[in-house]
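Number of protein chains: 2
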Amino acid sequence: MIDTFGDMSSLKCFFEPKTVAVIGASSTIGKIGNVIFQNFAMGHHFKGKAYPVNPRLDEILGIKCSASVKDIPDEIDLAVIAIPAKFVPQVMQECGEKGVKCVIVISAGFSEIGGEGTLLEQEIIQITKKFHMRLIGPNCIGVFDANTNVDTIFLPVVRMSRPKLGQIAIVSQSGAFMSSLLDWTAAEGLGLSKAISIGNKADVDESDMFQYLSEDPLTKVITAYVESIKNGNKFIQITKRITKQKPIIIMKAGRTKGGASAAASHTGALAVSDEVIDAIFKQVGLIRVENSEQMLDLANALAFQPSTKEGGDRILVVTNGGGAGVMAVDKLEKLGLNVPALSKDLQNQLMQHYPPYCVVHNPVDLSGDTDAERYRIALELGLQSNEVDAALVILLFQTPSLEIEAVEVVQNAQRFKKPIVVACVGGELAAVFSRKLEKFDIPVYPIPERAAFAMWGLVQYGKWLHHVE
Amino acid sequence: MIDTFGDMSSLKCFFEPKTVAVIGASSTIGKIGNVIFQNFAMGHHFKGKAYPVNPRLDEILGIKCSASVKDIPDEIDLAVIAIPAKFVPQVMQECGEKGVKCVIVISAGFSEIGGEGTLLEQEIIQITKKFHMRLIGPNCIGVFDANTNVDTIFLPVVRMSRPKLGQIAIVSQSGAFMSSLLDWTAAEGLGLSKAISIGNKADVDESDMFQYLSEDPLTKVITAYVESIKNGNKFIQITKRITKQKPIIIMKAGRTKGGASAAASHTGALAVSDEVIDAIFKQVGLIRVENSEQMLDLANALAFQPSTKEGGDRILVVTNGGGAGVMAVDKLEKLGLNVPALSKDLQNQLMQHYPPYCVVHNPVDLSGDTDAERYRIALELGLQSNEVDAALVILLFQTPSLEIEAVEVVQNAQRFKKPIVVACVGGELAAVFSRKLEKFDIPVYPIPERAAFAMWGLVQYGKWLHHVE
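For the protein sequence lines, the chains are C and H, in the order given.
Going by this note's numbering, 196 is the number at position 196 of the first sequence; the sequence numbering is gapless.
Going by this note's numbering, 71 is the number at position 71 of the second sequence; the sequence numbering is gapless.
So this is what it looks like as structure tokens:
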């Protein structure tokens with residue numbers, strides 16, 4: 001509803017504020033205003049200055065508390081507002097008068113409840129416009145920036161772990177779901193650059209965030225969970241341009257009738273036919289996924305591996321378990337990728353190094369007694385040939401002769417600049433070896449089919465970049 | 001190729017042998033014949049007696065080694081053979097003469113390599129028939145029984161952890177894949193009753209195993225990975241009957257052209273159109289899954305929760321995150337299940353206990369500030385009504401007021417005898433609370449969509465049991 005000012009510098013203070021006012025800061029452990037203020041004042045090494053605002057308190061955590069944002073003896077870049085909805089307009093008016101640049105309204109009770117809430121939301125939009133501020137929310141959990149440590153999430157660390165710095169950004173229309181995603185990525189060791197809960201999108205919407213993130217040097221892959229698209233034309237214009245620079249993986253909920261109706265209750269999302277959405281996403285190069293597992297699986301691949309050159313889709317499958325190889329091929333072909341038979345010449349080259357019971361047709365089945373060396377030969381001869389564009393490697397570390405050297409072999413095979421994903425099925429040992437592989441930027445998946453899906457994403461994005469359809 | 005003798009008692013010695021001969025036992029740490037003999041002699045508390053057979057050794061682990069199975073001064077119920085393929089017929093002849101009842105041939109180099117291997121396999125089939133023995137394999141890893149501790153898997157525990165005793169059985173045509181599944185279930189804490197790698201199925205095939213497991217009181221759910229069906233008519237007759245007693249979850253690989261061709265290289269599986277397979281599976285009540293994650297997800301649900309009464313498919317969704325609720329509904333409806341709007345009457349009853357911003361249409365969105373009590377009310381009023389047949393509960397433990405009591409609430413809701421599955425998205429805390437839920441036999445999934453899929457399995461099996469299509 002508010003025009004984007006074209007350049008994205010107006011959004012910078014959400015992520016790199018020098019000064020932050022937490023309005024509704026509290027000294028009661030566990031309260032929303034307490035957690036948020038703690039995040040800035042002591043929790044996560046935020047480099048800027050944080051000021052608590054609460055008319056009923058003198059100090060919080062030893063820091064002088066102001067009765068109003070206007071009383072703070074400093075300029076304020078970012079105000080985080082966590083007070084009952086009905087008081088928000090007044091406080092935003094004060095922010096405007098103070099010259100605050102960016103405001104995050106955590107409070108709920110706006111358009112998502114309809115009636116009076118919708119009027120309140122109109123009111124804060126007017127104030128935002130009038131003072132040329134930018135607004136994230138209302139009804140959101142705001143911003144998490146793993147680099148600057150801006151963290152407006154009101155869930156204490158004991159409830160929700162914070163992920164490490166990485167190259168994946170998350171934009172989410174659902175605050176609760178974003179918090180569980182952050183907790184999850186933290187446990188998985190998957191790094192994030194930024195996460196933004198956009199809530200009711202009264203001002204800043206998904207398109208704005210995509211544009212900002214496209215210019216963010218720390219973000220390599222953008223992921224998004226949305227229930228509605230705020231401004232269709234703007235969305236199409238912006239995403240079409242951005243996806244040529246960075247992949248956007250999107251999860252659009254409300255696919256079914258019931259899902260759409262639930263989304264309408266949740267965020268007031270209007271129903272648009274899912275086929276239309278699908279067609280638009282395809283047209284602008286968005287990679288659509290069906291659930292958050294797929295979203296993180298693809299993000300992990302696109303963050304660390306190149307997409308296939310010129311959108312090639314010929315996949316080499318190397319395995320030490322025949323069954324797992326079949327599963328990978330089934331899934332790859334179901335997704336429209338190719339698992340071409342290797343040339344007789346290449347097969348002969350491979351068999352010079354292998355015992356006769358190995359099968360080198362593709363999948364290359366190195367058999368249960370393989371060591372890392374057989375993998376090295378398959379990957380080197382395979383990837384340096386012009387017969388395949390990428391490799392899906394299955395490592396079942398239960399077998400007796402496969403040692404940790406296999407990790408180095410896969411790492412070295414990255415020099416051919418063709419994407420590699422790994423499937424490592426198993427338990428504790430598989431987990432240990434998977435972490436080692438991930439240290440070398442190799443994405444690892446717990447079953448062959450998820451590795452195949454990740455490979456699909458790398459091919460898909462390669463096709464989009466190279467105009468192959 | 002060998003007729004089934006009708007009753008399954010002939011297979012009992014694979015799982016409950018009093019005496020076992022390990023032919024090809026070795027004293028060299030890590031060798032196949034060493035690991036298998038260790039499993040029986042010291043590893044896993046096998047209750048029977050184990051005898052090593054190796055003409056070149058006097059003793060292994062302090063136990064006297066015989067030159068031939070015929071020299072063992074005891075009757076032998078089960079012989080496990082791990083010697084080069086070409087020596088197997090001679091040794092099996094000796095087993096027959098000794099009166100051995102069951103034989104597991106671990107060795108590879110039979111029909112899977114064609115030519116001479118196929119002839120060798122014919123030979124051991126003849127010997128099996130002649131002496132009325134039963135044979136598992138060749139080219140397999142044999143049997144793991146979590147109750148009797150029969151364990152012929154040649155992978156040491158440091159490579160492959162053994163799962164605890166539970167109610168799920170696994171039948172697998174792929175040995176390597178079975179070993180990674182066992183390792184995985186061990187790490188996940190999912191218990192198994194038995195796991196059988198059937199290899200080339202020269203005698204005992206998937207149908208025999210299904211029948212044996214259907215009569216096994218410790219097995220509640222049968223899961224299977226197959227690349228081919230050995231005897232179509234037998235398979236149909238047996239599964240049709242068994243599925244009325246116990247669910248069979250099946251993963252049939254080789255769905256695509258490439259997958260089928262890879263399966264042919266792996267186990268010589270003949271290609272049958274996947275549509276035909278699908279139709280047959282449906283006709284006999286098999287629940288087909290696409291990957292091992294789905295297989296274990298469904299097995300976990302069917303092992304611990306009842307299927308829906310009379311195959312009812314009306315699902316109550318209770319959540320503390322709107323987005324996660326939408327995801328669950330999307331997936332449930334996509335799978336053909338119902339998420340019916342609750343009656344006005346029930347909605348009113350619920351709202352008497354809830355703050356006005358809760359949404360009770362279905363999904364019931366208890367909002368981010370919910371405690372366990374709101375869950376209790378939703379589950380009790382919902383499940384005791386006749387409006388729903390089952391509940392999918394989403395617990396995002398990141399939110400501030402949701403304590404461990406929620407686990408007890410879900411546990412208590414089981415008294416309504418309607419199936420319940422839970423989705424718990426997150427990291428460390430979610431994992432801890434998930435384990436607690438699992439202690440009360442409540443299956444927990446890491447994303448709403450996987451919980452929805454598990455619910456689909458419970459409905460599907462309910463429909464099959466009650467002749468609803």
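For every residue, glycine included, the Cβ atom is placed at its ideal position computed from N, Cα and C.
Q) Contact check, I198(H) vs C140(H) under 8 angstroms by CB: the rounded distance? A) Numbered from its first residue, the second sequence carries residue 198(H) at position 198. Numbered from its first residue, the second sequence carries residue 140(H) at position 140. With 8 angstroms as the limit, I198(H) and C140(H) qualify as a contact, their Cβ atoms being about 6 angstroms apart.
Q) With distances taken between CB atoms, is the gap from V284(C) to K240(C) smaller than 9 angstroms? A) As a first step, residue 284(C) must be located in the first sequence, where it is residue number 284. As a first step, residue 240(C) must be located in the first sequence, where it is residue number 240. Yes.
Q) Is V88(H) near M133(H), with beta carbons less than 9 angstroms apart? A) Position 88 of the second sequence holds residue 88(H). Position 133 of the second sequence holds residue 133(H). No, Cβ-Cβ distance for V88(H) and M133(H) is not below 9 angstroms.
Q) Just the Cα atoms here: how many angstroms apart are R56(H) and N34(H)? A) Looking up residue 56(H) in the second sequence gives position 56. Looking up residue 34(H) in the second sequence gives position 34. So the two alpha carbons sit approximately 14 angstroms from each other.
(Q) Tell me which residues share the same chain as K436(C) and place their Cβ nearer than 8 angstroms to its Cβ, disregarding the 5 neighbours each side in the sequence. (A) Within the first sequence, residue 436(C) is the residue found at index 436, counting from 1. Excluding sequence neighbours, K436(C) sits near I404, V407.
Q.
Measuring CB atoms only, is the region 59-76 of chain C touching the region 95-113 of chain C, in the sense that at least three cross pairs come out at less than 8 angstroms?
A. yes
Q: Under 6 angstroms Cβ to Cβ from M1(H), same chain only, skipping five residues before and after it: list those, please.
A: Working through the second sequence from its first residue, we reach residue 1(H) at position 1. Residue confidence is low: M1(H) scores 37 on pLDDT, short of 50, so the model does not pin down where it sits. No coordinate-derived value is stated.
Q: To the nearest angstrom, report how far apart Q211(H) and G137(H) are at their CA atoms.
A: By 1-based counting over the second sequence, the position of residue 211(H) is 211. By 1-based counting over the second sequence, the position of residue 137(H) is 137. Taking the straight line joining both Cα atoms gives about 18 angstroms.
**Q.** Neighbour-count burial assignment, P217(H), 16 or more Cβ in a 10 Å radius
**A.** What you label residue 217(H) is simply residue 217 of the second sequence in a count that begins at 1. Result: exposed.
Q: Entirely within the region 271-356 of chain C and at least 4 residues each: give me those alpha helix (DSSP H) ranges in chain order.
A: 274-283, 292-304, 322-334, 344-351
**Q.** Alpha carbon of L213(H) to alpha carbon of Y445(C), nearest angstrom
**A.** As a first step, residue 213(H) must be located in the second sequence, where it is residue number 213. As a first step, residue 445(C) must be located in the first sequence, where it is residue number 445. The alpha-carbon atoms of L213(H) and Y445(C) are separated by roughly 31 angstroms.
**Q.** Residue span of the beta strand (DSSP E) that contains F46(C), given as start and end
**A.** As a first step, residue 46(C) must be located in the first sequence, where it is residue number 46. Careful: F46(C) lies outside any beta strand (DSSP E) and carries neither H nor E.
Q) Taking C-alpha atoms, which residue in V143(H), D58(H), I23(H) lies nearest to A85(H)? A) Taking the first residue of the second sequence as position 1, residue 85(H) is located at position 85. Residue I23(H) is the option with its Cα nearest to A85(H).
(Q) So L395(H) and C358(H) are supposed to be a Cβ contact under 8 angstroms. How far apart are they, rounded? (A) Counting from 1 along the second sequence, the entry for residue 395(H) is found at position 395. Counting from 1 along the second sequence, the entry for residue 358(H) is found at position 358. That pair is no contact at about 16 angstroms.
Q: Alpha carbon to alpha carbon, how far is E112(H) from T219(C)? Give it in angstroms, no decimals.
A: One-based indexing of the first sequence puts residue 219(C) at position 219. One-based indexing of the second sequence puts residue 112(H) at position 112. One C-alpha to the other measures close to 49 angstroms.
Q.
Less than 9 angstroms between the C-beta atoms of V364(C) and V318(C), yes or no?
A. If you number the first sequence from 1, residue 364(C) lands on position 364. If you number the first sequence from 1, residue 318(C) lands on position 318. Yes, the pair counts as a contact, with Cβ atoms nearer than the cut-off.
Q) Looking at the unbroken beta strand (DSSP E) that takes in G30(C), where does it start and where does it end? A) Taking the first sequence and counting its residues from 1, the one referred to as residue 30(C) is at position 30. Counting along the chain, G30(C) falls outside any beta strand (DSSP E), and DSSP gives it neither H nor E.
Q) Any residues in the region 320-344 of chain H with a beta carbon nearer than 7 angstroms to a beta carbon of chain C? Which ones, in chain order? A) N320, G321, G322, G323, A324, G325, V326, M327, V329, D330, E333, K334, V339
Q) Along the chain, where does the beta strand (DSSP E) that runs through A423(H) open and close? A) Here residue 423(H) refers to the residue found at position 423 of the second sequence. Its beta strand (DSSP E) spans residues 420-423.
Q | Proximity winner among N147(C), I196(C), A413(C), V410(C), relative to G48(C) (alpha-carbon distances) | A | Locating residue 48(C) in the first sequence gives position 48, where the first residue counts as 1. For G48(C), the nearest C-alpha among the options comes from N147(C).
**Q.** Length at least 4, wholly inside the region 184-251 of chain H: the alpha helix (DSSP H) runs in chain order
**A.** 206-214, 232-242
Q: Counting only the same chain and skipping the five closest in sequence on each side, list residues whose C-beta sits under 8 angstroms from that of E123(H).
A: Taking the second sequence and counting its residues from 1, the one referred to as residue 123(H) is at position 123. Closer than 8 angstroms at the Cβ level, and outside the excluded window around E123(H), lie P89.
Q: Under 8 angstroms by Cβ, that's how I've got N348(C) and L316(C) pegged, so tell me the actual separation to the nearest angstrom.
A: By one-based count along the first sequence, residue 348(C) stands at place 348. By one-based count along the first sequence, residue 316(C) stands at place 316. Between L316(C) and N348(C) the Cβ distance is about 16 angstroms, and since that is not below 8 angstroms, they are no contact.
Q. What does DSSP give as the partner residues of V157(C) in its beta bridges?
A. As a first step, residue 157(C) must be located in the first sequence, where it is residue number 157. Answer by DSSP bridge pairing: none, since V157(C) is not bridged.
Q | Cα-Cα separation, E333(C) to V409(C) | A | Taking the first sequence and counting its residues from 1, one reaches residue 333(C) at position 333. Taking the first sequence and counting its residues from 1, one reaches residue 409(C) at position 409. Their Cα atoms are separated by approximately 26 angstroms.
**Q.** Range of the contiguous alpha helix (DSSP H) that encloses F15(C)
**A.** Here residue 15(C) is taken as the residue at index 15 of the first sequence, counted from 1. Per DSSP, F15(C) belongs to the alpha helix (DSSP H) from 12-15.
Q) Is G457(C) helix, strand or coil when you go by DSSP? A) As a first step, residue 457(C) must be located in the first sequence, where it is residue number 457. If DSSP states are grouped into helix, strand and coil, G457(C) belongs with the helices.
Q. Along chain C, which residues have their Cβ under 8 angstroms away from the Cβ of V293(H)?
A. Sequence index remark: in the second sequence, residue 293(H) carries index 293 (1-based). Per the sequence presented here, residue 293(H) reads as Glu, with Val not at that position. What E293(H) touches in chain C: P446, I447, E449, R450.
Q.
As a quick exercise: from I248(H), I81(H), A41(H), L342(H), pick the residue whose alpha carbon is nearest that of S385(H).
A. In the second sequence, the residue the question calls residue 385(H) occupies position 385. Considering only alpha carbons, the answer is L342(H).
Q | Whole beta strand (DSSP E) elements within the region 51-135 of chain C, 3-residue minimum | A | 78-81, 102-105
Q. Do P156(C) and C102(C) have their CB atoms nearer than 9 angstroms?
A. By 1-based counting over the first sequence, the position of residue 156(C) is 156. By 1-based counting over the first sequence, the position of residue 102(C) is 102. Cβ distance not < 9 angstroms, so P156(C) and C102(C) don't count as in contact.
Q) How big is the Cα-Cα spacing for D203(H) and L135(H)? A) Taking the second sequence and counting its residues from 1, the one referred to as residue 203(H) is at position 203. Taking the second sequence and counting its residues from 1, the one referred to as residue 135(H) is at position 135. D203(H) and L135(H): Cα-Cα distance of roughly 5 angstroms.
Q) Pick from V329(H), S26(H), I249(H): whose alpha carbon is nearest that of S292(H)? A) Counted from its first residue, the second sequence places residue 292(H) at position 292. The shortest Cα separation from S292(H) among V329(H), S26(H), I249(H) belongs to I249(H).
Q: Compare the C-beta of S68(H) against all C-beta atoms of chain C and say whether one is closer than 9 angstroms.
A: As a first step, residue 68(H) is located in the second sequence; it is residue number 68 there, counting from the start. It does not: the Cβ of S68(H) has no partner Cβ on chain C nearer than 9 angstroms.
Q) Excluding the five sequence neighbours on either side, which residues of its own chain have a C-beta within less than 8 angstroms of the C-beta of L366(H), listed in chain order? A) Residue mapping note: residue 366(H) aligns to position 366 of the second sequence, counting from 1. Excluding residues within five positions, the ones whose Cβ falls inside 8 angstroms are V318, T319, N320, Y354, C358, R374, Y375, A378.
Q. I277(C): which of L296(C), H266(C), N231(C) sits nearest, CA to CA?
A. Position 277 of the first sequence, counting from 1, holds the residue named residue 277(C). I277(C) has its Cα closest to that of N231(C), out of L296(C), H266(C), N231(C).
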